[in-house]
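Engineer:
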Amino acid sequence: MRLHTLEITAFGPFADTVTVDFDELSRADLFLLSGPTGAGKTSVLDAVCFALYGDVPGDRGSARRLRSDHAAPGVAPRVVLETTLSGRRFRLSRSPAWERPKKRGTGTTTEQASVVIAERVDGEWVTLSTRLDETGHLVTGLLGMNLTQFTQVAMLPQGRFQSFLRARSEERHQLLQRLFRTGRFEQVEGWLRERRRTLARSCDAAHQDVADLVSRVSEATDAHPPADWDPRDLTVPAADGSVRAWARGLADDAARADVAAEAAAGAAAAAEHAARQALDDARALLVRRRRLDAAAAELRALDDAAESHAEDAQRLDRARRAATVAPVHRVALGAAAARERTALAADAALDDAAAALGLLVAGREDITDAHTSALDAAAQVRAAMPDERRLAALETQVADLTERDRVLSTRATALREDAAALPATLATLRTDLDAARGSAAEAGSLGAAVAALEQRWAAHRQLGELGPQLVSATAELDAARATLTSRREEWLDLREARLEGMAGEIAAALAVGECCPVCGSQDHPLKAERGADAIDAAVEREAQRAVDDAKSEEHLRAEKVRELTMLLELARERAGDGDEPTLAAELDATRARLADAQRAADLAGELTERLESTEARLRGLTEQHAHLTAEQSALTSELTGCRAEAARVRQCVEQLLVGSEHTDLASLAAEHERRARVLAAALRAAEEHDAATAAAREAEAALAAAVADAGFHSVEDALAAVLPSQEIEQLARRVAHHEQRRASALEVLAEPDSAEIAAAELPDPAALEAAHGDALAALGSARSTAALWAGRARRLTQLSAALGTALDAWAPVREDLDLTTRLCSFVDGRSPDNHLQMRLSAYVLAYRLSQVVAAANERLAVMSDQRYTLEHTARRGAGETRGGLSLLVRDDWSGESRDPVTLSGGETFVVSLALALGLADVITQEAGGADLDTLFVDEGFGSLDADTLDDVLDVLDSLRDGGRVVGVVSHVSEMRDRIPAQLVVTKTRKGSSLALSRPASAY
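Right, dumping it as structure tokens:
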């Protein structure tokens, strides 16, 4: 990966558009990104990460606030990056989600994130995708790394070096797992744990099934399991076959007892059958004897009532024959009454018909002819009534159409007048619009001129502020240098005095029997004596601290002078020629012209809307006039047709009303219908009287025939024999019951063996019932015993089979659980066989960490002057429960290894930087040897002394081998002196800006 250009707009602290030419910076291979704290140095790196991955590293990405707060409300945030990935030239343009002002109304609306990735093919940019997910997959595939790996390889993040060095093993485990994508090994651990839990649940369920079956076997036989079995853990008896043998033995015992009980039940059943047969025979004999005696008594009683039975039979016969005459008699009486009633009604109806016809007496034929004529006349009038109603509707429609025609004519005249006045208005608006657009065209150039003049004016004011500040800072620097010189001379004098009295200091430190550090002798015949004013190590250290404090103060003052000098030079460049009053007058004039141009632009928009509205109104008036003309033509045709139709219908209605006293067809039709109803009523009354007369004659003839058929001499004789239906039914039941009882008694007496049964001796049923009861009780007891053993044998056979199946199902689960438990414990680092007590994933990552440590030590040896070496240890750290990923730092000066937390700030930075660079090397190899030609190091170098800083810069300088470009982010002054190629970030109240600073000697 090699970066070429970066364009940032309204992103982070950059309110306007800034551009970074990495190709220009790459000529020196090593460049510095400098600027004051909070100016936006890290934001440049964030922009590179955002262009590639659509996100920024670290905690800044969680804020989701990437748009610059200094940008104008309508300016969209955007980052455009041109880079070479895997030998192909790409341009990525990304915009984060942001709140923009609404185009209509007030308030804001969310603009969604967007991306465009294009590839340079044959000199042309070809768009590959505009989708966020596709672009992310494409960039990740080309780089071979995700965002986390990229920030550990190509963009070493600020404040993130020492977090990996001082992390606990678990935290380091999570980070290495994300970087090296070894999550599959942790998934194996999780799968084994879940498999163990699943098998444990299955084993518990299988054990519970076996325990339940053992309990059910015990309940079925009332036999308890052996005393040495633990019902909560049947693993041992299930494994050695004891459970299976115990259940099978109980089932065999129950089967033998079942056979014996079944034989005893068969013998009891045979005895009960014999006793029951004897009892049934005795009961049958007694029943036959009682039936014969009852039949004989019944026959004697029926013979005594024979005379009464004959009288009842005769009365029943006469009543049944008379029952056919009574209904016919009732019909004859009704027919005679109807004949009299219809005669009266027919006379009244004929009188009404004669009055309706204007006659004294009217015959049936006259009434029939007049009725037909009335119906025909009424039908003709009813048929013409719709025309009468239609005539009224036509007259109303003609009036409406006439009024509508008048309204349309008025509207057409008004439209023609309105349209005639619009062309002049359009001409005036077009002239005003052209003039406004001409004035508004200068707004863009005037805005740029105002921005340039404002920047120059601000630079002039800054010059006035920076001059006195620089003079004051220079004086303070001179004073600090004088103080440093004075304190250094004092320290040197004290050091020289201490060296002169060193013999006395060494002599005072000697103990009895201790060897002299100079000559090695244990004898001290004449030790040197320290003077009263001798200088000791504490005084020298105090002087050294004073020198260090003065040096720090001098460094800060020099840093301030350099910063003010650079700002003063930049302000002079931005201010340009001319004095401040002239520049202010020019700025006011340009602002006034810009305001006029903006007002003209606003007026142009208003005139454009008015012109479009007027043109639209003219088109609408023309279209409305054409529509009204067409509507008037159609309306005239419709009005002519309505008038002709109304004249025709009026003539038809008037022809029907001629010669009558009625003014409308409805009353005329009602008159014809009333006459028709009167005549029809007369005809119906005459027909009903004729029908009633014929029915009366037929009823009289039928009554005479019914009396003769029933065998009576007269109607009165037949009516005397009539009985109520309820009495007839009672009489019939009494006669039938007498005959049925006599037949039944004769049938019983005629049965075979009746004489022998009447003469036979009767048995004792009580004794036979007692004998049968004893046999039945014995049978019930035997069958109950047999059923008990049969059910128990069947139940035990089923439970024994089910128990065997459960044991067979439990055995492989138990074996699988044992194997999985041992393997899971080993993989999880908890087994005694795992001597390192390391998880599988930690073991894999430990190999990766050893590679990282080896790569880091190559650079750490140079940066620490061969003093420090990183060590990877499998031992657990302080407060940790697992080992495998711990780090120690070996101090070759003391020969001891210690925890990284004991390092000083500068030492921590050096070791962390070496570890980060080693981690970057290993991840690069892991990603398939990705070609990373650009590397950024974002960290504070201020904690290093001069010698260590030189060693660190030598290591960073070595990273340029093979054409790699290294960018260092720092505000340390020594870095600016050592690295001539610089990208300077400047911050102001209106946002930050970028400037390329590279001396000619650097090219």
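Each number in this note's numbering corresponds to the 1-based position in the sequence shown with 31 added.
Even for Gly, the Cβ is constructed at its ideal location relative to N, Cα and C.
All of these numbers come straight from a predicted model, not from anything done at the bench.
Starting from the C-beta of H1002, find all residues in its chain whose C-beta is less than 7 Å away, skip the five residues before and the five after it, and write them out in chain order.
Structural biologist: Taking the sequence shown and counting its residues from 1, the one referred to as residue 1002 is at position 971. S65, G66, P67 and T68.
Engineer: Using a Cβ-Cβ cutoff of less than 7 Å, which residues in the same chain neighbour R435 once the five nearest sequence positions on both sides are dropped?
Structural biologist: For the purposes of this step, residue 435 is taken as residue 404 along the sequence shown, with counting starting at 1. The residues are L666.
Engineer: Assuming G71 and P44 are in contact, meaning their beta carbons sit under 8 Å apart, how far apart are those beta carbons, in whole angstroms?
Structural biologist: In the sequence shown, residue 71 corresponds to position 40, counting from 1. In the sequence shown, residue 44 corresponds to position 13, counting from 1. Rounded, the Cβ-Cβ distance is 4 Å, consistent with contact.
Engineer: With DSSP collapsed to three states, give me the class of R370.
Structural biologist: Translated into the one-based positions of the sequence shown, residue 370 becomes position 339. DSSP places R370 in helix when its eight states are reduced to three.
Engineer: Mind the definition here: the region 579-588 touches the region 496-515 only if three or more C-beta pairs lie below 8 Å; say whether that holds.
Structural biologist: At 8 Å Cβ cutoff, the stretches touch.
Engineer: Using CA atoms only, rank isn't needed, just tell me which of F940, G636 and A701 is closest to R413.
Structural biologist: For the purposes of this step, residue 413 is identified with residue 382 of the sequence shown, where counting begins at 1. Per the Cα distances, A701.
Engineer: Under the criterion of a Cβ to heavy atom distance below 7 Å, does R823 qualify as lining the ligand SAH?
Structural biologist: The ligand SAH is absent from the structure shown, which contains no ligands of any kind.
Engineer: Counting Cβ pairs, one atom from each stretch, are 3 or more of them under 8 Å apart for the region 705-723 and the region 325-344?
Structural biologist: Taking 8 Å as the limit for Cβ pairs, the verdict is that the region 325-344 does not touch the region 705-723.
Engineer: For the 8 Å Cβ check, are there 3 or more pairs between the region 749-758 and the region 425-444?
Structural biologist: These segments do not touch.
Engineer: Any idea which residues DSSP pairs D1038 with across the strands?
Structural biologist: There is simply no residue 1038 to check, as the chain begins at 32 and stops at 1034 in what is shown.
Engineer: Alpha carbon to alpha carbon, what distance is there between A366 and V766?
Structural biologist: Sequence index remark: in the sequence shown, residue 766 carries index 735 (1-based). Sequence index remark: in the sequence shown, residue 366 carries index 335 (1-based). If you take the alpha carbons of V766 and A366, they lie about 38 Å apart.
Engineer: Taking the straight line between their C-alpha atoms, what separation do you get for E426 and V689?
Structural biologist: As a working note, residue 426 is residue 395 in the sequence shown. As a working note, residue 689 is residue 658 in the sequence shown. For E426 and V689, the distance between alpha carbons rounds to 22 Å.
Engineer: Can you find at least 3 beta carbon pairs, one from the region 848-858 and one from the region 209-228, that sit closer than 8 Å?
Structural biologist: Judged by Cβ distances under 8 Å, the region 848-858 makes contact with the region 209-228, as three or more pairs qualify.
Engineer: Measuring alpha carbon to alpha carbon, tell me which of T266, D580 and A278 ends up nearest A254.
Structural biologist: Residue mapping note: residue 254 aligns to position 223 of the sequence shown, counting from 1. Ranking T266, D580 and A278 by Cα distance to A254 puts A278 first.
Engineer: Using a Cβ-Cβ cut-off of 8 Å (strictly less than) and excluding sequence neighbours within five positions of A726, which residues of its own chain qualify?
Structural biologist: Reading the sequence shown from its first residue, position 695 is the one you call residue 726. Here the set comprises A366, A369 and R370.
Engineer: Does A732 pass the burial test, meaning 16 or more other C-beta atoms within 10 Å, or should it be called exposed?
Structural biologist: Position 701 of the sequence shown, counted from the first residue, corresponds to residue 732. Exposed.
Engineer: DSSP three-state call for R199: helix, strand or coil?
Structural biologist: Counted from its first residue, the sequence shown places residue 199 at position 168. Correct three-state label for R199: coil.
Engineer: Assuming V953 contacts R879 under a Cβ cut-off of 8 Å, what Cβ separation, rounded to an integer in Å, is found between them?
Structural biologist: Along the sequence shown, read from residue 1 onward, the residue named residue 953 stands at position 922. Along the sequence shown, read from residue 1 onward, the residue named residue 879 stands at position 848. At roughly 7 Å, the Cβ-Cβ gap stays under 8 Å, so V953 and R879 are in contact.
Engineer: Leaving out five residues before and five after C673 in sequence, what residues of the same chain have Cβ atoms less than 7 Å from its Cβ?
Structural biologist: Here the question's residue 673 lines up with position 642 in the sequence shown. If we look at C673 and ignore the five residues flanking it on each side, its Cβ neighbours are L425, Q428, V429 and L432.
Engineer: T40 bridges to which residues according to DSSP?
Structural biologist: Locating residue 40 in the sequence shown gives position 9, counting from the first residue. The partner list for T40 (beta bridge, DSSP) reads T48 and R109.
Engineer: Select from M32, A483 and R197 the residue whose C-alpha is nearest the C-alpha of L946.
Structural biologist: Along the sequence shown, one-based indexing puts residue 946 at 915. Checked all of M32, A483 and R197; the closest Cα to L946 is R197.
Engineer: For a quick check, are the C-beta atoms of R728 and A387 less than 8 Å apart?
Structural biologist: Walking along the sequence shown from the start, residue 728 turns up at place 697. Walking along the sequence shown from the start, residue 387 turns up at place 356. No, these two residues do not count as a Cβ contact at 8 Å.
Engineer: Among L618, A107 and T516, whose alpha-carbon lies nearest the alpha-carbon of L477?
Structural biologist: In the sequence shown, the residue the question calls residue 477 occupies position 446. Selected option, being the one with the closest Cα: L618.
Engineer: Give the single residue among L595, A445 and A409 whose Cα lies nearest to the Cα of G498.
Structural biologist: Your numbering for residue 498 matches position 467 in the sequence shown. When only C-alpha atoms are compared, the closest one is L595.
Engineer: Return yes when the Cβ of G1022 is within less than 8 Å of the Cβ of S99, no when it is not.
Structural biologist: Counted from its first residue, the sequence shown places residue 99 at position 68. Counted from its first residue, the sequence shown places residue 1022 at position 991. Going by C-beta atoms, S99 is nearer than 8 Å to G1022.
Engineer: Report the residue ranges of all alpha helix (DSSP H) runs contained in full by the region 743-806; include only those spanning at least 4 residues, in chain order.
Structural biologist: You should have 746-751, 756-780 and 785-790.
Engineer: Taking the alpha-carbon positions, what's the R322 to E792 distance?
Structural biologist: Taking the sequence shown and counting its residues from 1, one reaches residue 322 at position 291. Taking the sequence shown and counting its residues from 1, one reaches residue 792 at position 761. So the alpha carbons of these two residues sit roughly 16 Å apart.
Engineer: Express the C-alpha separation of A41 and D52 in angstroms, rounding to a whole number.
Structural biologist: Here residue 52 corresponds to residue number 21 of the sequence shown, with the count starting at 1. Here residue 41 corresponds to residue number 10 of the sequence shown, with the count starting at 1. Roughly 18 Å separates the two Cα atoms.
Engineer: From which residue to which residue does the alpha helix (DSSP H) around V248 run?
Structural biologist: Residue mapping note: residue 248 aligns to position 217 of the sequence shown, counting from 1. Unbroken alpha helix (DSSP H) run through V248: G214 to T252.
Engineer: Could you tell me whether the Cβ atoms of A813 and A306 are closer together than 8 Å?
Structural biologist: Looking up residue 813 in the sequence shown gives position 782. Looking up residue 306 in the sequence shown gives position 275. No. Outside cutoff.
Engineer: Does DSSP put P499 in a helix, in a strand, or in coil?
Structural biologist: Taking the first residue of the sequence shown as position 1, residue 499 is located at position 468. Three-state result, P499: helix.
Engineer: Could you tell me the boundaries of the beta strand (DSSP E) in which L97 lies?
Structural biologist: As a first step, residue 97 is located in the sequence shown; it is residue number 66 there, counting from the start. Looking at the DSSP string, L97 is not in any beta strand (DSSP E), and its letter there is neither H nor E.
Engineer: Grouping DSSP H, G and I as helix and E and B as strand, with all else coil, what is R263?
Structural biologist: The count along the sequence shown starts at 1 and reaches residue 263 at position 232. Three-state result, R263: coil.
Engineer: Going by DSSP, what residues sit across from I148 in a beta bridge?
Structural biologist: For this step, residue 148 is matched to residue 117 along the sequence shown. L123 and S160, per the DSSP bridge assignment.
Engineer: Please classify E643: is it buried, with 16 or more other beta-carbons within 10 angstroms of its beta-carbon, or exposed?
Structural biologist: On the sequence shown, residue 643 is found 612 positions in, with the first residue counted as 1. Label assigned to E643: exposed.
Engineer: Please report the distance separating the alpha-carbon of G910 from that of P88.
Structural biologist: Against the sequence shown, residue 910 aligns to sequence position 879. Against the sequence shown, residue 88 aligns to sequence position 57. Residue confidence is low: G910 scores 48 on pLDDT, short of 50, so the model does not pin down where it sits. Its coordinate-derived value is still stated next. Going from the Cα of G910 to the Cα of P88 covers about 30 Å.
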